[in-house]
Every structure is written in structure tokens, then in C-alpha cells.
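A.B. asks: To start, I am sharing the structure in question, which I have written as C-alpha cells.
2 protein chains.
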Amino acid sequence: MPQQKKPQNPSVKDKKGTKTSKSLIKRLPVYLRILDNLIRRDVDIISSRVLSDETGFTAEQIRKDLATFGAFGTRGTGYNTSYLREKLLKITGLDKQIRIVVVGSGHLGKALTRYNILKNPYVEIAGIFDANPAELNTEILGIKVQAMEDMPRLIEEQSIKVAMITVPAEVAQAVVDLLVENGISAILNFAPTKLRAPAGVHIHNADLTIELQSLIYYSLEREKE
Amino acid sequence: MPQQKKPQNPSVKDKKGTKTSKSLIKRLPVYLRILDNLIRRDVDIISSRVLSDETGFTAEQIRKDLATFGAFGTRGTGYNTSYLREKLLKITGLDKQIRIVVVGSGHLGKALTRYNILKNPYVEIAGIFDANPAELNTEILGIKVQAMEDMPRLIEEQSIKVAMITVPAEVAQAVVDLLVENGISAILNFAPTKLRAPAGVHIHNADLTIELQSLIYYSLEREKE
DNA sequence: CAGTCTGTGTTAAAATATTAACAAGTTTGT
DNA sequence: ACAAACTTGTTAATATTTTAACACAGACTG
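In C-alpha cells form, the structure reads like this:
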């Protein structure tokens, strides 16, 4: 078991100050997941080649991605899994437990809440809200659905910055406005509609019908040139 | 209401024979959704500028995207909504009703199935399958969950090419192998794991924890340079 | 029916992202 | 202690994607 010198690069930001690309940021959680698995299996050192096998990204890309934030590996050896994990947690902001709110407790909202409680170790569901009185106080793995009126207080008290919305498209914009008004700065939107938010508020769209529909394109037999 | 000449470009393929980019293909269903809305509101003509407002993509990008497949608009006027919709349906392959199978009838599988039945007009759920006998014959909007053993027959009888899998990561690869063996050529994977498939089989990963985790990065206050 | 206006389609430029090549450290074996 | 085998991090080259610019076609106006 080779002893590793831990390179020092305390900064979380991109070295050059260039803004890090969206696609890169999306790969970071994948690295993190693989590292979690490796650490669970007591693997101490991992090379970019093996990471490539596990993630499907090329080894070159992985090295480049990681080098964006600093020199985390050891030449001739590879990356220390625990050390790299720590670094990636810091970079992504997942080193601190992140609390989020979910708005919309329909079937999809419930399933996604469950899913994140069970499978997402880095995110904690602080509250679920729904406008439908019939949903009130129904439970999802012990978390009670609350009325929309109670949302602002919770967000403020726990300084929550991230929200996931699974409401009908017709009301999605109103919900976004309300969330932003109360200090939310990042929203994962599952409603199939374009949402507007002031600069500084990040909206990611996860339109599930689009995923499936764009996949159809690739399912067609196409004669390759 | 200006009369439009419908330009002719019968081919669905990229004009130059260059392979069309992944990101472009993902935008097509968005255009399609907007067009559906416009047509429902009896809007006949739409400009790239207005499409830009509705989709969030730039007008230039929209024009370029559409021009990839042919000249569908009328200079000085815009695009005929119905005509453009027809063209896009053909390009994406959504002009024919597409049948898919779902494997995994857990909470997420059920919710996604429901969601697609209700919200995705272009895709028909032909069957849901689960390895857990307890799930057998439970219903989702009238569709009965079937045993895995019954899957090959259904896929063959209906020549299904697309599958959505929401099974635990541990068994995902085995499920993919089985699906591919039976002729599936495109898979939407919700399991948080890298899957292998022979060339020609397309796998799209829709890892929901990753969406949320990468969003966290953007929720952090970062001093801009 | 010339002239103006509008908005597409195309071509060129710029910005991003990926791939490749290789120099520079590390470890291992002899 | 030196050479061989590895594997990172960096720099350069390539490819892709996005943005911009503008020529061109149709439509409306007087």
C-alpha cells in the first residue's frame, strides 16, 4: 500500500479563474459516486484509467477535469480515493449537508422525494409542500406534506437555498416566483415548461418526457454514411 | 393570415450527412412541445424570435437547428406551426406512435409510467415488468405489472425498440443485457450506474441524484471575477 | 411596381469542449 | 543507485457548438 503525499491546493475555485463548464460540473457527482463505491470496497488508490472504466468518460478527460481544480493525484500512482472524494465534496459544495425543499407532492414529487431520501446521501429533504389540502399531512417516509403558507418560514429558518419543483406546468412560474422571493437560488424543475427567474437564480430543467422523446431519435434504424 | 408556400425537403436526414449533435436532438422535443401549445392556441405562424422567448434558446440557434434538416420557414414571415411540427415529428421519429416497455415497478417506475401516460402524447407504455412477485398484477392507470418472463414475448410481438429502466443499480446491467438480447436498441436508464451495451444500442442516463447534486454547485454564493 | 420591412438560411467568426501528446514525478525491480 | 514501467498534469491540436453577421426571399405599402 503505497504512501501518498497529499498535494496541497486549498482553493476550491478553478485555478485560472476561468468559469468552469457546465458539462464538467455535471461529471463531478459521477466521480463522487464512484469514489463512494470504491471507498466502501476499501480501495485506496485509483488511476484515471480505472475511473474511466467505471464512469465511461475517457481517462484524459477525467485527468483534465480534476486538474481544473488542482493537482489531486500522484504521478506514477494515481489518486487517493478518500482524498479525492474530500476535494470533490468541497468543490461541489456537498461537503456540508444540503437541505432542500420539494414543492408538489403528486406521484412524481413523492417518488422523487423518496428516491432522494433513500439514494442521495448528500441532500436532506427539509420539507415538502403542496397546494392541495387533501395532501396535507400525508407522509413520505416520515416527512409530512405541509401547506404552501408554511414554506416561507421553513426556508428562512433553515436558510434553504435549493428547491425541487414537481408541480403542474400551469402553476410552475408562480411557484418559482414565490421561491425566489423567499431566497431560493437554485431550482430543479420537473415541470415541462420554460421558467423565468432573475439573474443569479439557477434553474435546471429535468423534463422527463424530453429525455424519452430524444431517445426515440436514436432508436430508429439509420443507415450510417 | 399570410398564405405560405411550403418548402420541400422530404429528407429527414441532415443535409450535409454530418452527424447531428446530441444537444441539437435534445432541443427538438422542446420545439415540438412549444409547437403543440401554439397550435392548441390556433397560432399559425411563429418567428424564431418568439420561439426563443418560449424555449429560452437563442433565435439564432433555433434557426440554425431547424436549418440543419431543411428550409422549413418562409423568409420575412416565420415558420408555419403545423408544418414545422409535422417536419419535427418526422425527424425525431415521433410521427409514429412509439411503444416502450418499463422495467422496474418501484415507486419511481410507477411515477414515471404514470407521468408518461398522462403527459407524453408521443409514447405509449406497452408493458411494465418487475421481478418482485408482490408487484405482479398491481395496476398503474390500468396497466398491469407483469413478470419478467413475459417480457421477451411482448417485445417481440410488438417489435418494441425502446425501454425505460428503474431497477436497483445492482441488477441494472443484467436487465440491460436481457433487453438487448431481445432486440431493444434504446434504453433510458434511471439507475445510478454505468451500463454497458453493444455498439448500436443507445443508453441515456437520467440520474436524478446527479441533477440535484450538480445544482448544488450553482447554489453556492461565488464571488464572480 | 418600386421601395421598404421583416425574418429566414447561410456563411463566417468566436467560444467551448474533447482528444492527443508528452514532459515530469513516483514507484518498483534489479 | 539506476533503469524501466507507470500515471499524472500540462500544453497543444482538433473537433464541436454557439454566436454573430448578412445576403436573400417573400410580403406589405403607397
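Protein chains in written order, with the numbering used here: chain A, 463 to 687; chain B, 463 to 687.
C-beta: ideal position from N, C-alpha, C; glycine also.
Note that the structure is predicted; figures quoted are calculated from it, not measured.
Excluding the 5 residues flanking Gly540(B) on each side, which residues of the same chain have their C-beta closer than 6 angstroms to its C-beta?
C.D. replies: Within its own chain, the residues whose Cβ lies closer than 6 angstroms to the Cβ of Gly540(B), once the five positions on either side in sequence are excluded, are Ile507, Ile508 and Ser509, listed in chain order.
A.B. asks: Please determine, among Ala596(A), Gly571(A) and Lys581(A), the residue with the shortest C-alpha to C-alpha distance to Gly589(A).
C.D. replies: Gly571(A)
A.B. asks: With Leu513(A) as the anchor, note down where its alpha helix (DSSP H) starts and where it stops.
C.D. replies: Taken as a continuous stretch (DSSP letters only), the alpha helix (DSSP H) holding Leu513(A) covers Ser510 to Thr517.
A.B. asks: Shortest alpha-carbon distance to Val492(A) belongs to which of Pro660(B), Ala661(B) and Ala653(B)?
C.D. replies: Ala653(B)
A.B. asks: Over what stretch of residues does the alpha helix (DSSP H) that includes Asp498(A) continue unbroken?
C.D. replies: Lys484 to Arg502
A.B. asks: Taking Cβ positions, are Ile587(B) and Val564(B) nearer each other than 8 angstroms?
C.D. replies: yes
A.B. asks: At the 8 angstroms Cβ level, is Pro654(B) part of the contact set with chain A, yes or no?
C.D. replies: yes
A.B. asks: Just confirm the distance between the C-beta atoms of Gly555(B) and Tyr679(A), as a whole number of angstroms; I'd bet it's less than 8 angstroms.
C.D. replies: Correct: roughly 6 angstroms between the Cβ atoms.
A.B. asks: What is the residue span of the beta strand (DSSP E) that Ile646(A) lies within?
C.D. replies: It is not in any beta strand (DSSP E) - Ile646(A) carries neither H nor E in the DSSP assignment.
A.B. asks: For Ala625(B), which residues does DSSP report across the bridge?
C.D. replies: Val563(B) and Ile649(B)
A.B. asks: Any beta carbon from chain B within less than 8 angstroms of Leu677(A)'s own beta carbon?
C.D. replies: yes
A.B. asks: Along chain B, in chain order, which residues have C-beta atoms closer than 8 angstroms to that of Glu673(A)?
C.D. replies: Leu650, His666 and Ala668
A.B. asks: So Thr517(A) and Lys484(B) are in contact, right, with Cβ under 8 angstroms, and what is the actual spacing, rounded?
C.D. replies: Rounded, the Cβ-Cβ distance is 17 angstroms, inconsistent with contact.
A.B. asks: Comparing the C-beta of Met613(A) with each C-beta of chain B, is any distance below 8 angstroms?
C.D. replies: no
A.B. asks: Please check if any C-beta of chain A sits within less than 8 angstroms of the C-beta of Glu516(B).
C.D. replies: yes
A.B. asks: Between which two residues does the beta strand (DSSP E) holding Tyr541(B) run?
C.D. replies: Gly540 to Asn542
A.B. asks: Per DSSP, what kind of secondary structure is Val663(A) in: helix, strand or coil?
C.D. replies: In the structure shown, the three-state DSSP call for Val663(A) is coil.
A.B. asks: Should Val642(B) and Val629(B) be called a contact, given that it needs their Cβ atoms to be closer than 8 angstroms?
C.D. replies: no
A.B. asks: Can you pull the chain B residues whose beta carbon is under 8 angstroms from the beta carbon of Lys552(A), in chain order?
C.D. replies: Simply none; closest approach about 11 angstroms.
A.B. asks: Have a look at Asp515(A) and Leu490(A) and give me their C-alpha separation to the nearest angstrom.
C.D. replies: 16 angstroms
A.B. asks: Exposed or buried, Gln675(B), counting other C-beta atoms within 10 Å across all chains shown (16 or more means buried)?
C.D. replies: buried
A.B. asks: Closest to Tyr577(A) by C-alpha separation, out of Thr482(B), Thr671(B) and Ser681(B), would be which residue?
C.D. replies: Tyr577(A) has its Cα closest to that of Thr671(B), out of Thr482(B), Thr671(B) and Ser681(B).
A.B. asks: Tyr493(A) touches chain B at which residues, Cβ-Cβ below 8 angstroms?
C.D. replies: Within 8 angstroms Cβ-Cβ: nothing; Tyr493(A) doesn't reach chain B, min ~11 angstroms.
A.B. asks: Looking at the structure shown, is Val505(A) part of a helix, part of a strand, or coil, going by DSSP?
C.D. replies: coil
A.B. asks: Are Ala573(A) and Ala573(B) close, meaning C-beta to C-beta below 8 angstroms?
C.D. replies: yes
A.B. asks: Of the residues Ala625(A), Ile605(A), Gly604(A) and Lys606(A), which one's Cα is nearest the Cα of Pro614(A)?
C.D. replies: Out of Ala625(A), Ile605(A), Gly604(A) and Lys606(A), the CA that lies nearest to the CA of Pro614(A) is found in Ala625(A).
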